[in-house]
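Asker: Supplied in structure tokens, the structure appears directly below.
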Amino acid sequence: VADPRDEMVDGAGAIRPHWRELLALTASLGDELQQRADRLARAAEEDGLAAFLPSGEGTAPVWRCDPVPLPLPAEEFAPLAEGLDQRARLLEAVLADLYGPQRLLAEGRLPPSLVFGSPAYLRPCRNLPVRGVRLHFYAADLIRRPDGAWAVLADRTGGAHGLATALESRKLMARVLPELFRPGQVRPLRPFIDLWQDTLPRLAPPGRANPAVAWLTPGLGHPRWFEHVLLSRELACTLVEPGDLTVRGGGVFLKTLGGLQQVDVLLRRLDGRLLDPLELDAAATAGIPGLLDAARDGAVVITNHPGSALLETPGLIAHLPALAERLIGETLLLPQVQPGESPSTTPCLDGGRLAPRQVVLRLFLVHDGASWQAMPGGMARVLAEGEVPSGPLPPGGVCKDVWVLAGERIDILAPAPAPMPPLKLRRTAGELPSRVADQLFWFGRTVERADRAARLLRAAGARLGRGGAMLPREMAELECLLRCLVEAAILPAEAANAATPAALAQALRATVREGRERGAIARLFAEITRLTETVRDRLTGDMYATFTAALRAAREDIAAAGSSLDGLAHALAGVQRYSASVAGMAAENMVRGGGSLFLDLGRRIERAQAVVAEAAVALDQPPAHGEIGLRLLLELCDSSITYRSRYLAAIQPAPVLDLVLADAGNPRGLAFQLVAMHGLLGELEGEAEEAQEGLAATPAGLLVLGEQLVSDVLAAPDQAVAAAALPDRLRAMGAALAGLSDRVTRRYFALLPAPQALGRGETAGK
Amino acid sequence: MKYRLRHVTAYRYAESVDLATHLLHLEPRPLPHQQVLAPCIAAAPSPARAVRRTDTFGNIAVWLFLDQPHAAFEVTLQAEVSVTFPPPPPTADTPAWERVAALAREGGPDCWQAAEFAVGSPLAPADAAAGGYAIASFPPARPVLAGLLDLIARIRRDFAFRPGVTSLATPIARVLAQRAGVCQDFAHLMIGGLRALGLPARYVSGYLQTRPPPGQPPRRGADQSHAWVSAWLGPADGWVDLDPTNDLIVRDEHVVLGWGRDFSDVSPVRGVILGGGAHSVTVAVDLDPL
């Protein structure tokens, strides 16, 4: 006997009309359906839905899209949208009362403990001034009851997650299963996002020209990080973390390279309790001190209202039918789920066959300034075995694209966009949040550091792996490489002193080891993975996909290195390929003057430091070994071929040093990095208001020093002796570069000291 | 009684503070039985922005924003305050404590605001152990004020006043076990115990006059911030302030700063600073009769 609560099959065992066409199309795919499901999963991974954990240990739970959508006929969706509009109006009225006069409590319509005992009731947020509405964004979970009617299971007013998953599922479905879509049959989601975006500037405090709207996220590591990145991009607002914001003079400002920029609207996706450590959480120092003061002054609009999660307090929902009569004078249109009711089922692909699975439907609404608008679509969550339908949205699982079928077309009619003054043209990095610039800088440095480590390790591995006894020259080269590796903190000092070639090979292989005693290369890649995620909102979707695909390939190579030197060489080649692809992507696809500038600056400083450090080690040789060091230096700078073509085989100090230190045409040489740095810093300082520090003077000075070094060697009666005296001068240049990096950090990234809480521990009445 | 009140809080920082935000609950709130004359808050360095508002409990709160680097911060309150709290109602006339608890549970007109103080809060949860201690003062049907007076007498008798053995992080169950603490601990303990019985109780922040009346023993907790409890006797009799540290009904030796669910709602000077390194704080309070 068919269960009447199946989406596809009615109580009499017949296929419901709106399923017939979809089912026929699905059936026509046959076994192909499973392959499409696999492609959906792969595409989701490539798009970054399946972001791997920052630590690189295992993967985060992800949403997998089932290939069979959940269709909703127009005549079924319209009353849902109407019922949720009413519900949103009611919830707004409840919120207005509980954070205002509290008449519902004075009249005894709600038990006081329900409100006063809720951790989501934020006392400092009572009587915050309001622009329009307290709730701006709202989601509801619904299930179908035995009588076929949809009933509300839960209201989501705090985070209201899942919209990004819904948008992503639609995109993937359209890409992977285009034949299921008939033109004009499924209502698109994009108009809803456009409408939302149009409403945002109108939330701003009055009198703000070109309001700045920021999406406030807890930051990387939050289970909804992907959602925050995607939606902030869709809505074209800046993604900010609490640490990016500061309150000055009663206003809220974003710390950018160009100074402080006022923020007018905060789309809050941070737990309200973490907004302002001064007033909310006695123990916290995270958050934005003074934010609530600014909100009380009307200098910034925070939406949803900081205390909106109060509406999700367990026990409140049972009172809503009565409150509807009292507050809006209406009877609730949508029924609410009663205890013991379970969701309806819908066909899902499972092991190559369709099987009925329970689903919870989540719909999303936005207030457009005049009324509530429901997105014609949503997220249908397929319940896992034993999963509670009323629980919060898990970070991953199986979901379905929700199709609202176009009946008579009802398009969302947006109110005409408010007239905006023309935008000022900008071509600078000024608007880049300081934190993002900081992360891009370190991303550049870390990728380059990994590249350098791979280069040194490959050179060392090649000499060890040749088999047979090493020649004295090779032993000297190896010894030199090991010193470079120890100085760069890639090998521990004791490993470099290993007595036997086997022990040494073991130490080299340990650099790619994962797990508890993670090696240097593995550590660098964990850091690269983390930084890639943190700068994600600055990368286009394609760039992110390319970066992560290359990163994943490199990490797989590293994981597969095994225990042979050959496997290590293969892994290290992967590291170098990754580094090259980052450089190429950044050069070709990132807007100049934006974040790419800092990425490039990071790479240049790192590479310049590497060249002088390696030169200092290579030249620090007994005179008899001088040529060995020079030859190695050419190899490490990829310059052997260039050298041979210029000077044939004769190795002499001055020409080698010229190529490595002073020739601005050698992309692996020092001068090339210094010229690039000079240009980048000049570009940056041209934009800054105060350029008196003259950061660009440092690379200019080092260029002169490099030339001087080479001409001193050239003029010396014995070049070998002169070259052997250079390491101290080279190390001084390295120190100047490190100093430059510190000054860039202080100047542009405005590293703030750690916040401290005061007045929470002093005991009264001692 | 009329007093001159002066409360100085001084922070010294090992390193420069770049940015500081302070929230003060330092200005005594005017009450029907407490007049506050010429209150004045002075801060050094002077803040870039100062805002004075009323908080959700009706207390006066002041926000100070300092955006210039500084190595010290000092804030001083001065005011003249005259207080004469009326005597409490006759003990036997107050309602049975169970009735008061029921009214707070139900809420509704006249009772809903008191109900906020019957639920637990971070530093004064409705703690079962504290409730177990308090219940001995509340046999069935006892008038609520009789139970309260018995409870403050027991706390005064059972607990040693010993500074330094507790901090704000000390849970009230520990205070109960070690039978020692300071006024803040006794207030939190009593509030937690009353809430466990369903009775509304507020944490009152304020001061106690420096010298006791002639012929009286020295008071505990003078010369510093002081804390006591305000308990609800039902809608007819309202709130009564009781000092469990000194076993006193508050009449004219105390000055009220403000009240909340516990200390964290009315910390006199709190703040979030950027930088500063290690810091030290000194507090001096004078409450002298005029």
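Chains U and C supply the protein sequences, listed in that same order.
Taking my numbering, I'd label the letters of the first sequence as residues 1 to 766.
Taking my numbering, I'd label the letters of the second sequence as residues 1001 to 1290.
From the three backbone atoms N, C-alpha and C, an ideal C-beta is built for every residue, glycine too.
If you're wondering where the values come from, they're calculated on a predicted model, not measured in any experiment.
Determine the direct distance from the alpha carbon of Val1083/C to that of Asp1252/C, and round the result to whole angstroms.
Answerer: Spanning the two alpha carbons is a distance of roughly 6 Å.
Asker: Let me know the alpha helix (DSSP H) ranges lying completely inside the segment 257-298 of chain U, each 4 residues or longer, listed in chain order.
Answerer: 291-296, all fully within the segment 257-298 of chain U.
Asker: Between the alpha carbons of Arg577/U and Leu565/U, how many angstroms are there, rounded?
Answerer: Computed Cα separation, rounded: 18 Å.
Asker: Please decide whether Lys766/U counts as near chain C, where near means a Cβ-Cβ distance under 8 Å.
Answerer: In this predicted model, Lys766/U has a pLDDT of only 34, less than 50, meaning its place in the structure is not dependable; the value taken from the coordinates is given anyway. For Lys766/U, the answer is yes, since a Cβ of chain C falls inside 8 Å of its Cβ.
Asker: Mind the definition here: the segment 1013-1027 of chain C touches the segment 1087-1097 of chain C only if three or more C-beta pairs lie below 8 Å; say whether that holds.
Answerer: Counting Cβ pairs under 8 Å, fewer than three are found: no touch.
Asker: Would you mind telling me which residues of chain U sit closer than 7 Å to Leu1023/C, beta carbon to beta carbon, in chain order?
Answerer: Within chain U, the residues near Leu1023/C are Leu278, Glu279.
Asker: Counting only C-beta atoms, is Phe116/U closer than 8 Å to chain C at any point?
Answerer: Closer than 8 Å to some Cβ of chain C, the Cβ of Phe116/U qualifies, so yes.
Asker: Relative to the alpha-carbon of Thr546/U, which residue among Ala559/U, Thr532/U, Ile558/U has its alpha-carbon at the smallest distance?
Answerer: The residue with the shortest Cα to Cα distance from Thr546/U is Thr532/U.
Asker: For a contact defined as C-beta to C-beta under 7 Å, what are the partners of Asp293/U on chain C?
Answerer: Going along chain C in sequence order, the residues near Asp293/U (Cβ under 7 Å) are Val1051, Trp1063.
Asker: According to DSSP, is Leu636/U helix, strand or coil?
Answerer: DSSP places Leu636/U in helix when its eight states are reduced to three.
Asker: Give the range of the beta strand (DSSP E) segment to which Ala493/U is assigned.
Answerer: It is not in any beta strand (DSSP E) - Ala493/U instead sits in the alpha helix (DSSP H) that spans 493-496.
Asker: Please list, in chain order, the chain C residues whose beta carbon lies closer than 7 Å to that of Gly249/U.
Answerer: Ala1048, Arg1049, listed in chain order.
Asker: Taking the alpha carbon of Ala453/U as the point to measure from, which residue in Leu680/U, Ala569/U, Asp10/U, Arg170/U has its own alpha carbon closest?
Answerer: Looking at the Cα atoms, Ala569/U is the closest of the given residues.
Asker: Taking C-beta pairs closer than 8 Å, name the residues in chain A that Arg126/U reaches, listed in chain order.
Answerer: Chain labels in this structure do not include chain A; the protein chains are U and C.
Asker: Should Val1008/C and Thr1076/C be called a contact, given that it needs their Cβ atoms to be closer than 8 Å?
Answerer: Yes.
Asker: Let me know the alpha helix (DSSP H) ranges lying completely inside the segment 78-102 of chain U, each 4 residues or longer, listed in chain order.
Answerer: Entirely contained in the segment 78-102 of chain U, not one alpha helix (DSSP H) run reaches 4 residues.
Asker: Skipping 5 residues on each side, what residues in its chain have a beta carbon closer than 6 Å to that of Val1281/C?
Answerer: The residues are Tyr1011.
Asker: Measuring CA to CA, which of Gly369/U, Ala140/U, Leu70/U, Ala725/U is closest to Val130/U?
Answerer: When only C-alpha atoms are compared, the closest one is Gly369/U.
Asker: Using 10 angstroms around the beta-carbon of Met475/U, count the other beta-carbons present and answer buried if the total reaches 16, otherwise exposed.
Answerer: With fewer than 16 other Cβ atoms within 10 Å, it is exposed.
Asker: Please state whether the Cβ-Cβ distance between His1033/C and Pro1086/C is less than 8 Å.
Answerer: Going by C-beta atoms, His1033/C is nearer than 8 Å to Pro1086/C.
Asker: Curious, which full-length beta strand (DSSP E) runs of at least 3 residues does the segment 1136-1209 of chain C contain?
Answerer: Segments of the beta strand (DSSP E) lying fully in the segment 1136-1209 of chain C: 1201-1208.
Asker: In whole angstroms, what separates the C-alpha of Val1036/C from that of Gly290/U?
Answerer: In a straight line, the C-alpha of Val1036/C is about 28 Å away from that of Gly290/U.
Asker: Cβ closer than 7 Å: which chain U residues qualify as neighbours of Ser1230/C?
Answerer: Those do not exist, as Ser1230/C stays about 16 Å from chain U at its closest Cβ, beyond 7 Å.
Asker: Could you check where the beta strand (DSSP E) with Met798/U kicks off and where it finishes?
Answerer: Given that chain U is displayed from residue 1 to residue 766, the structure contains no residue 798/U and the question cannot be resolved.
Asker: What does Thr285/U reach in chain C if we use C-beta pairs closer than 8 Å?
Answerer: Ordered by position in chain C, the residues that pass the 8 Å Cβ test against Thr285/U are Val1272.
Asker: If you count every other CB in all the chains shown that lies within 10 Å of the CB of Pro755/U, and 16 or more means buried, which is it?
Answerer: Pro755/U comes out buried.
Asker: Beta-carbon within less than 7 Å of Val512/U's beta-carbon, same chain only, minus the 5 sequence neighbours each way: which residues are those?
Answerer: Contacts found: Gly519, Ile521, Ala522, Ile558, Ala561, Leu568, Ala571.
Asker: Closest to Thr313/U by C-alpha separation, out of Val115/U, Gly11/U, Leu84/U, would be which residue?
Answerer: Answer by Cα proximity: Val115/U.
Asker: At a Cβ threshold of 8 Å, is Arg326/U touching chain C?
Answerer: No, its Cβ sits nowhere closer than 8 Å to a Cβ of chain C.
Asker: Would you say Tyr1003/C reaches chain U, if we count a Cβ-Cβ gap shorter than 8 Å as a contact?
Answerer: False, the Cβ-Cβ gap to chain U never drops below 8 Å.
Asker: Determine the chain U residues that contact Glu1116/C at a beta-carbon separation under 7 Å, and present them in chain order.
Answerer: Those within 7 Å of Glu1116/C in chain U are Pro112, Phe116.
Asker: Expressed to the nearest angstrom, what Euclidean distance is found between the alpha-carbon atoms of Leu464/U and Glu479/U?
Answerer: About 11 Å.
Asker: When you compare the CB positions of Leu1066/C and Ala1129/C, do they come within less than 8 Å of one another, or not?
Answerer: No, they are not a contact pair.
Asker: For Gln197/U, which residues in chain C fall below 7 Å Cβ to Cβ?
Answerer: Within 7 Å Cβ-Cβ: nothing; Gln197/U doesn't reach chain C, min ~33 Å.
Asker: For Ala1010/C, which three-state DSSP category applies?
Answerer: Reduced to three states, the DSSP call for Ala1010/C is strand.
Asker: Anything in chain C within Cβ reach of Gly307/U, meaning under 9 Å, just list it in chain order.
Answerer: Going along chain C, no residue has its Cβ under 9 Å from Gly307/U, so there is no contact; the nearest lies around 11 Å.
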